[in-house]
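Undergrad: Protein chains in written order, with this note's numbering: chain A, 1459 to 1553; chain B, 6 to 504.
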């Protein structure tokens, strides 16, 4: 599968990464190189093969439904570029 | 005093216990070495001198009282991927600018609980994406190893230490810490270990907790040690590993005393040599070393069996779908809102886009975009699901192998350390560095790289042993046999210590 510049821009939008025109052109080549290389997986017969969803076959451990952490808003917001009263402050969302 | 930095982890522990020197002297020796060398090697992003000295002082008090813990006073360098409370933790990325976690990763907490002290945060490829430590926001790491020319003199070209744990491997090889806990997603412990003449172990997936480790690919990431010797790796793994209820993939299996395996016989051990690992383009010296490893194990009483792992060649392309896909999900959180770099844009979405564009390096962007693409509507089945099915087949290859053999022997890398910039042109050329290591992460198995020889240019090469889940004891036992036969390799001269 080939990606064109428009697709690269669409993916960048999905990934929320701003790219320049020059970057888009460069990425088109690089991404196509990688995608062409992974095409060889088409050679593998995976009919009736289950996808690996769990690396080590273990059951998910459950825990008691009790609160055992929290009440540390200051710690949580300590690294924020901008915060106020325990909230993260961000630019207005324009409708 | 500089002789103290040449000690192994085990040797330093014994020396401290015997009172041959103090923990403060040991910490100071390393801090001085780091100061002298960092402009040459760039192994450390930051040092934590106060933490090291405070920890060392407390350690000396414990030794005086006879109250020492298993790793008391032993100075370690910590890969920048581990959350270290109050200290720089950025996964060598600009996007996590100024992040100082208010919490400690489980693995490093285990090590502090055992008495170890922190020298600083070690450089790495950004977000653990790379095989040469050339993608760090803080600049590349240079290997303490250099090639020898035809006259046997050291050349000047900087070599890569491998990656992503390049800083960790370089620091251990250059005596800038006793040992270094690191992480491995596609080979990031084993490949740099092989390229620097150090020992690197990736434990079974689920052996060590991933809580507090900056996530790259959650089904592949695993913490493990980079050390000077197999004995050191056994000691460090013992304390890195634990069951952690905060990590739902952490397995509740007791941690054995790995050190007890060293020196145990491998008589009757069945060693598998997979024919699919004999690839085109493998350097002659690597092939010879592989045969040498086979002979060493045979001499120690093991039996050798040729096996087939038919899906080997598909592991790398499958990895380069699965890992970027998981990375695109894990790195979605870096949006400039709660931590890290914020580049304010016209509105919120513009802020996300600008923060991430400016914060992420080129390789990270490339992988996030690949990952986003393969997970997007219409492509999920063709790529991600397909790759996950191939992954099942890779695991099944190994499951069948364990019926015939106990351990698999392969080279760790196709060739020795390359020069800085040599592979940066083509992403795939760099990805091929991991060709022998990724199968292991895809199957969730444990594997160790042990230094086994030098190339014709005097640079290190490693051999890799792979075994079944939670059978790390066999890796230490067989790894020790190789180490005894091969000897230890340290870089010639100490050029990185000269002003």
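Each residue gets a CB set at the ideal place from its N, CA and C atoms; glycine is no exception.
Mind checking whether residue 73 of chain B and residue 86 of chain B have CB atoms under 8 Å apart?
TA: Here the question's residue 73 of chain B lines up with position 68 in the second chain. Here the question's residue 86 of chain B lines up with position 81 in the second chain. No, Cβ-Cβ distance for residue 73 of chain B and residue 86 of chain B is not below 8 Å.
Undergrad: Would the segment 474-487 of chain B and the segment 293-309 of chain B be scored as touching if the rule is three or more Cβ pairs under 8 Å?
TA: At 8 Å Cβ cutoff, the stretches touch.
Undergrad: Are the segment 182-198 of chain B and the segment 133-149 of chain B in contact at 8 Å, needing three or more beta carbon pairs?
TA: Contact holds: three or more Cβ-Cβ distances are below 8 Å.
Undergrad: Could you work out which residues of chain B lie near residue 1415 of chain A, taking near to mean beta carbons separated by less than 7 Å?
TA: This structure does not reach residue 1415 of chain A, given that chain A is present from 1459 up to 1553, and the question cannot be answered.
Undergrad: In chain order, what residues of the same chain lie with their CB nearer than 6 Å to the CB of residue 456 of chain B, ignoring the 5 residues before and after it?
TA: Working through the second chain from its first residue, we reach residue 456 of chain B at position 451. So the list reads 202, 465, 467 and 494, once near-sequence residues are dropped.
Undergrad: Any C-beta of chain E sitting closer than 8 Å to the C-beta of residue 1533 of chain A?
TA: Given the protein chain composition of this structure (A and B), no chain E is represented.
Undergrad: Under the rule that 16 or more other beta-carbon atoms within 10 Å means buried, what is residue 208 of chain B, buried or exposed?
TA: Here residue 208 of chain B refers to the residue found at position 203 when the second chain is read from its first residue. Answer is buried; the Cβ neighbour count reaches 16.
Undergrad: Which two residues bound the contiguous beta strand (DSSP E) that contains residue 454 of chain B?
TA: Numbered from 1 along the second chain, position 449 holds the residue referred to as residue 454 of chain B. Looking at the DSSP string, the run of the beta strand (DSSP E) that includes residue 454 of chain B is 452-459.
Undergrad: What residues from the segment 264-290 of chain B come within 9 Å of chain A, judged by C-beta to C-beta, listed N to C?
TA: So the list is empty, because no residue satisfies the distance condition.
Undergrad: Spell out whether any CB of chain B is found under 8 Å from the CB atom of residue 1463 of chain A.
TA: On the first chain, residue 1463 of chain A is found 5 positions in, with the first residue counted as 1. False, the Cβ-Cβ gap to chain B never drops below 8 Å.
Undergrad: Kindly identify the DSSP beta-bridge partner or partners of residue 189 of chain B.
TA: Counting from one through the second chain, the residue named residue 189 of chain B turns up at place 184. Partner(s): B/227.
Undergrad: In angstroms, rounded to a whole number, what distance separates the CA positions of residue 403 of chain B and residue 238 of chain B?
TA: Locating residue 403 of chain B in the second chain gives position 398, where the first residue counts as 1. Locating residue 238 of chain B in the second chain gives position 233, where the first residue counts as 1. Near 24 Å, if we compare the C-alpha coordinates of residue 238 of chain B and residue 403 of chain B.
Undergrad: Using a threshold of 8 Å, state whether the C-beta atoms of residue 98 of chain B and residue 127 of chain B are closer than that.
TA: In the second chain, counting from the first residue as 1, residue 98 of chain B sits at position 93. In the second chain, counting from the first residue as 1, residue 127 of chain B sits at position 122. It is not a contact, given that the beta carbons lie outside the stated cut-off.
Undergrad: Starting from residue 1470 of chain A, find everything on chain B with Cβ-Cβ shorter than 9 Å and list it in chain order.
TA: Along the first chain, read from residue 1 onward, the residue named residue 1470 of chain A stands at position 12. Chain B residues near residue 1470 of chain A: 358, 362, 370, 374 and 377.
Undergrad: Just reading off the beta strand (DSSP E) that residue 84 of chain B is part of, what are its end residues?
TA: Here residue 84 of chain B refers to the residue found at position 79 when the second chain is read from its first residue. Element bounds for residue 84 of chain B: 80-84.
Undergrad: Could you tell me the alpha carbon to alpha carbon distance between residue 379 of chain B and residue 1494 of chain A, rounded to whole angstroms?
TA: Locating residue 379 of chain B in the second chain gives position 374, where the first residue counts as 1. Locating residue 1494 of chain A in the first chain gives position 36, where the first residue counts as 1. Answer to the nearest angstrom: the Cα atoms are 13 Å apart.
Undergrad: Between residue 429 of chain B and residue 328 of chain B, what straight-line distance do the alpha-carbon atoms span, to the nearest angstrom?
TA: In the second chain, residue 429 of chain B corresponds to position 424, counting from 1. In the second chain, residue 328 of chain B corresponds to position 323, counting from 1. For residue 429 of chain B and residue 328 of chain B, the distance between alpha carbons rounds to 20 Å.
Undergrad: Using the DSSP secondary-structure output, state which residues sit across from residue 1541 of chain A in a beta bridge.
TA: Position 83 of the first chain, counted from the start, is the residue given in the question as residue 1541 of chain A. In DSSP, residue 1541 of chain A forms a bridge with A/1546.
Undergrad: Leaving out five residues before and five after residue 291 of chain B in sequence, what residues of the same chain have Cβ atoms less than 7 Å from its Cβ?
TA: What you label residue 291 of chain B is simply residue 286 of the second chain in a count that begins at 1. Answer for residue 291 of chain B: 416, 419, 420 and 466, listed in chain order.
Undergrad: Assign residue 1515 of chain A to buried or exposed, taking buried as 16 or more other Cβ atoms, counted over all protein chains shown, within 10 Å of its Cβ.
TA: Numbered from its first residue, the first chain carries residue 1515 of chain A at position 57. Exposed, since its Cβ has fewer than 16 Cβ neighbours within 10 Å.
Undergrad: Please classify residue 198 of chain B: is it buried, with 16 or more other beta-carbons within 10 angstroms of its beta-carbon, or exposed?
TA: Indexing the second chain from 1 puts residue 198 of chain B at position 193. Burial call: buried.
Undergrad: Just to confirm the assignment, what range does the alpha helix (DSSP H) spanning residue 444 of chain B have?
TA: Against the second chain, residue 444 of chain B aligns to sequence position 439. Per DSSP, residue 444 of chain B belongs to the alpha helix (DSSP H) from 443-448.
Undergrad: For the segment 1481-1508 of chain A, enumerate the residues whose C-beta is nearer than 7 Å to any C-beta of chain B, in chain order.
TA: Within the segment 1481-1508 of chain A, the qualifying residues are 1485, 1488, 1489, 1491, 1492, 1495, 1496, 1498, 1499, 1502, 1504, 1507 and 1508.
Undergrad: Just verifying my parser: in three-state terms, what is the DSSP assignment at residue 1520 of chain A?
TA: Residue numbering aside, residue 1520 of chain A sits at position 62 when the first chain is read from its first letter. Residue 1520 of chain A: coil per DSSP, three-state reduction.
Undergrad: Bridge partners for residue 123 of chain B per DSSP, in chain order?
TA: By 1-based counting over the second chain, the position of residue 123 of chain B is 118. Note: residue 123 of chain B sits in a beta bridge opposite B/81.
Undergrad: Given that residue 253 of chain B touches chain A, what residues does it touch there, using C-beta distances under 8 Å?
TA: Here the question's residue 253 of chain B lines up with position 248 in the second chain. The contacting residues are 1518 and 1519.
Undergrad: Taking CB distances under 8 Å as the criterion, tell me whether residue 211 of chain B reaches chain A.
TA: For this step, residue 211 of chain B is matched to residue 206 along the second chain. With 8 Å as the cut-off, residue 211 of chain B counts as an interface residue toward chain A.
Undergrad: Would you be able to state if there are at least three C-beta pairs under 8 Å between the segment 309-317 of chain B and the segment 353-373 of chain B?
TA: At 8 Å Cβ cutoff, the stretches do not touch.
Undergrad: By DSSP, does residue 481 of chain B sit in helix, in strand, or in coil?
TA: Start at 1 with the first residue of the second chain, and residue 481 of chain B comes out as number 476. Reduced to three states, the DSSP call for residue 481 of chain B is helix.
Undergrad: By the DSSP assignment, the alpha helix (DSSP H) with residue 368 of chain B in it spans what residues?
TA: Locating residue 368 of chain B in the second chain gives position 363, counting from the first residue. Residues 367-380.
Undergrad: Distance check for residue 335 of chain B and residue 376 of chain B, CA to CA, integer angstroms please.
TA: Along the second chain, one-based indexing puts residue 376 of chain B at 371. Along the second chain, one-based indexing puts residue 335 of chain B at 330. Looking at the two C-alpha atoms, the distance is approximately 10 Å.
Undergrad: Restricting to runs no shorter than 3 residues, where is the beta strand (DSSP E) found entirely within the segment 161-217 of chain B?
TA: Listed in chain order, they are 184-189 and 204-207.
Undergrad: Could you name the residues of the same chain whose beta carbon sits closer than 7 Å to that of residue 1543 of chain A, not counting the 5 residues immediately before and after it, in chain order?
TA: To locate residue 1543 of chain A, count along the first chain from 1; it is residue 85. Here the set comprises nothing.
Undergrad: Just to confirm, is the Cβ distance from residue 1534 of chain A to residue 342 of chain B under 8 Å?
TA: By 1-based counting over the first chain, the position of residue 1534 of chain A is 76. By 1-based counting over the second chain, the position of residue 342 of chain B is 337. No, these two residues do not count as a Cβ contact at 8 Å.
Undergrad: Taking the runs of the beta strand (DSSP E) that are 3 residues or longer, which of them lie wholly in the segment 250-300 of chain B?
TA: Entirely contained in the segment 250-300 of chain B, the beta strand (DSSP E) runs reaching 3 residues are, in chain order, 275-279.
Undergrad: Does the segment 241-249 of chain B come into contact with the segment 219-226 of chain B, if we say contact requires no fewer than three beta-carbon pairs (one atom in each stretch) closer than 8 Å?
TA: Cβ pair count under 8 Å is below three, so no.
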